[in-house]
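Asks: If you read the sequence shown in the working numbering, its first letter stands for residue 130, the second for the next number, and so on.
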Amino acid sequence: MIGPVQLGLTAVVFLIIYSMMSINGQSTVHDVIKTRNSERFVVDYDASNNYRRYPLIYNFSKAIPTNWQLTIQNNLSYLDLENAKTVVKIQEPPPSEKFIELAMFSEKTGKFWAAVNTKESGYIKVYEQDRDGWSRDQPIFVAHANNQGLTITNGKRIIVDKLSVNDFIVGSVSIYGKDEVNDANNTNGGTVSFNILFGNPAESPLYYMPLITIIAIGAIVLVLIIRKKRD
Numbered sequence: 130m131i132g133p134v135q136l137g138l139t140a141v142v143f144l145i146i147y148s149m150m151s152i153n154g155q156s157t158v159h160d161v162i163k164t165r166n167s168e169r170f171v172v173d174y175d176a177s178n179n180y181r182r183y184p185l186i187y188n189f190s191k192a193i194p195t196n197w198q199l200t201i202q203n204n205l206s207y208l209d210l211e212n213a214k215t216v217v218k219i220q221e222p223p224p225s226e227k228f229i230e231l232a233m234f235s236e237k238t239g240k241f242w243a244a245v246n247t248k249e250s251g252y253i254k255v256y257e258q259d260r261d262g263w264s265r266d267q268p269i270f271v272a273h274a275n276n277q278g279l280t281i282t283n284g285k286r287i288i289v290d291k292l293s294v295n296d297f298i299v300g301s302v303s304i305y306g307k308d309e310v311n312d313a314n315n316t317n318g319g320t321v322s323f324n325i326l327f328g329n330p331a332e333s334p335l336y337y338m339p340l341i342t343i344i345a346i347g348a349i350v351l352v353l354i355i356r357k358k359r360d
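See the structure below:
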């Protein structure tokens, strides 16, 4: 029979461990900014060294339905290993099993994949490239909209375009890197930032920024071509 003293010690140990886990989890997320139509946060590199069963999980302040755009800026420093990677899961609120998964490997290979998991179809990789699959030149871009489906870029170009996933409600983002507990660390510095825009586009001009950027670049290229022809 367990006495009161033993129960008390067990409770104290549990609280200490739980507090340490909470502090460690919170210490890796910072610069959180929330507005009516957006939410931004930054995650430190150590999240990529988490075991897959114990990822860092960032829960959004509210579920984000249907119309949203998420940009991911990966500024992590990877170890010089081919399998060094960061896995990001964009998940629906429970009990839904639906998620979007992105894996960004070190510059050693530049491997990249995008996958979608649904109750109906299971886990399917919708894009995979073993070499030079992604770039830091531009943020990774993931978006979903009514009648448009799912769109994903890899920092260089669109790799998934208007894929139907029967709607997608964003509830959280989880980050990890280790497939097994004893795997080597993946990263040793840097951060990865997330910025999600959502809701009625008319209420948030920033919603149009990706489109505006593309149009601006196109206009600059056109002007340069015209000037070159004149010269």
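Virtual Cβ for every residue (Gly too), placed ideally from N, Cα, C.
Name the two residues that bound the continuous beta strand (DSSP E) containing Arg265.
Replies: Stepping through the sequence shown from its first residue, residue 265 is reached at position 136. That residue, Arg265, is in no beta strand (DSSP E); it is neither H nor E in DSSP.
Asks: Going by beta-carbon coordinates alone, are Phe327 and Gln198 separated by less than 9 Å?
Replies: Position 198 of the sequence shown holds residue 327. Position 69 of the sequence shown holds residue 198. It is a contact, given that the beta carbons lie within the stated cut-off.
Asks: If you drop the 5 nearest sequence neighbours on each side, which residues of the same chain put their C-beta closer than 7 Å to that of Met150?
Replies: As a position in the sequence shown, residue 150 is number 21, starting the count at 1. A caution first: Met150 carries a pLDDT of 39, below 50, which makes its placement in the model too unreliable to give a value.
Asks: What is the rounded straight-line gap between the Cα of Asn315 and the Cα of Thr164?
Replies: Within the sequence shown, numbered from 1, the residue matching residue 315 stands at position 186. Within the sequence shown, numbered from 1, the residue matching residue 164 stands at position 35. Rounded to the nearest angstrom, the two C-alpha atoms are 33 Å apart.
Asks: Using CA coordinates, which residue listed in Thr195, Asp312, Leu351 and Ser301 is at the minimum distance from Gly278?
Replies: Residue mapping note: residue 278 aligns to position 149 of the sequence shown, counting from 1. Closest by alpha carbon: Thr195.
Asks: Spatial neighbours of Glu221 within its chain, please: CB distance less than 6 Å, with the 5 preceding and 5 following residues excluded, ordered by chain position.
Replies: Counted from its first residue, the sequence shown places residue 221 at position 92. Here the set comprises Lys227, Ile298 and Gly300.
Asks: Give the secondary structure of Ser225 by DSSP, where H, G and I count as helix, E and B as strand, and everything else as coil.
Replies: Within the sequence shown, residue 225 is the residue found at index 96, counting from 1. Correct three-state label for Ser225: coil.
Asks: Taking buried to mean at least 16 other C-beta atoms within 10 Å of its own C-beta, is Leu185 buried or exposed?
Replies: Walking along the sequence shown from the start, residue 185 turns up at place 56. Burial call: buried.
Asks: Count the other C-beta atoms from every protein chain shown that fall within 10 angstroms of the C-beta of Val310, then say buried if there are 16 or more, exposed otherwise.
Replies: Position 181 of the sequence shown, counting from 1, holds the residue named residue 310. Val310 should be labelled exposed.
Asks: Take His159 and list the residues in its own chain whose beta-carbon comes closer than 6 Å to its own, dropping the five residues that flank it on each side.
Replies: Taking the first residue of the sequence shown as position 1, residue 159 is located at position 30. If we look at His159 and ignore the five residues flanking it on each side, its Cβ neighbours are Val171.
Asks: Leaving out five residues before and five after Ser190 in sequence, what residues of the same chain have Cβ atoms less than 8 Å from its Cβ?
Replies: Translated into the one-based positions of the sequence shown, residue 190 becomes position 61. Result list for Ser190: Lys163 and Glu168, in chain order.
Asks: Suppose you measure from the CA of Ile269 to the CA of Lys240; what does that come to, to the nearest Å?
Replies: Taking the first residue of the sequence shown as position 1, residue 269 is located at position 140. Taking the first residue of the sequence shown as position 1, residue 240 is located at position 111. Going by the C-alpha atoms only, they are around 14 Å apart.
Asks: Tell me the DSSP bridge mates of Ile253?
Replies: Stepping through the sequence shown from its first residue, residue 253 is reached at position 124. In DSSP, Ile253 forms a bridge with Val245.
Asks: Taking only the alpha-carbon atoms, compute the straight-line gap between Met233 and Ile354 and give it to the nearest angstrom.
Replies: The count along the sequence shown starts at 1 and reaches residue 233 at position 104. The count along the sequence shown starts at 1 and reaches residue 354 at position 225. If I take the Cα positions, the gap works out to 35 Å.
Asks: What is the residue span of the beta strand (DSSP E) that Lys214 lies within?
Replies: Looking up residue 214 in the sequence shown gives position 85. From DSSP, the beta strand (DSSP E) with Lys214 extends over Lys214 to Gln220.
Asks: Which residues in the same chain as Thr377 place their Cβ atom closer than 7 Å to its Cβ, once the five residues preceding and following it in sequence are excluded?
Replies: Since the displayed the chain opens at 130 and closes at 360, residue 377 lies outside it and no answer follows.
Asks: In the DSSP assignment, find the unbroken beta strand (DSSP E) run with Tyr207 in it and report its ends.
Replies: The residue labelled residue 207 in the question sits at position 78 within the sequence shown. Taken as a continuous stretch (DSSP letters only), the beta strand (DSSP E) holding Tyr207 covers Trp197 to Tyr207.
Asks: Is DSSP giving Asp175 helix, strand or coil here?
Replies: Residue 175 sits at position 46 when you count from the first residue of the sequence shown. Asp175 falls in the helix class under three-state DSSP.
Asks: Could you give the residue range of the beta strand (DSSP E) that holds Tyr180?
Replies: The residue you call residue 180 lines up with position 51 of the sequence shown. Neither: Tyr180 is in no beta strand (DSSP E) and is coded neither H nor E.
Asks: Apart from the five residues on each side of it in sequence, which residues of its chain come closer than 6 Å, Cβ to Cβ, to Tyr180?
Replies: Here residue 180 corresponds to residue number 51 of the sequence shown, with the count starting at 1. Hits under 6 Å: Lys307 and Val310.
Asks: From the DSSP output, in three-state form, read off Ile298 for me.
Replies: Taking the sequence shown and counting its residues from 1, one reaches residue 298 at position 169. Three-state result, Ile298: coil.
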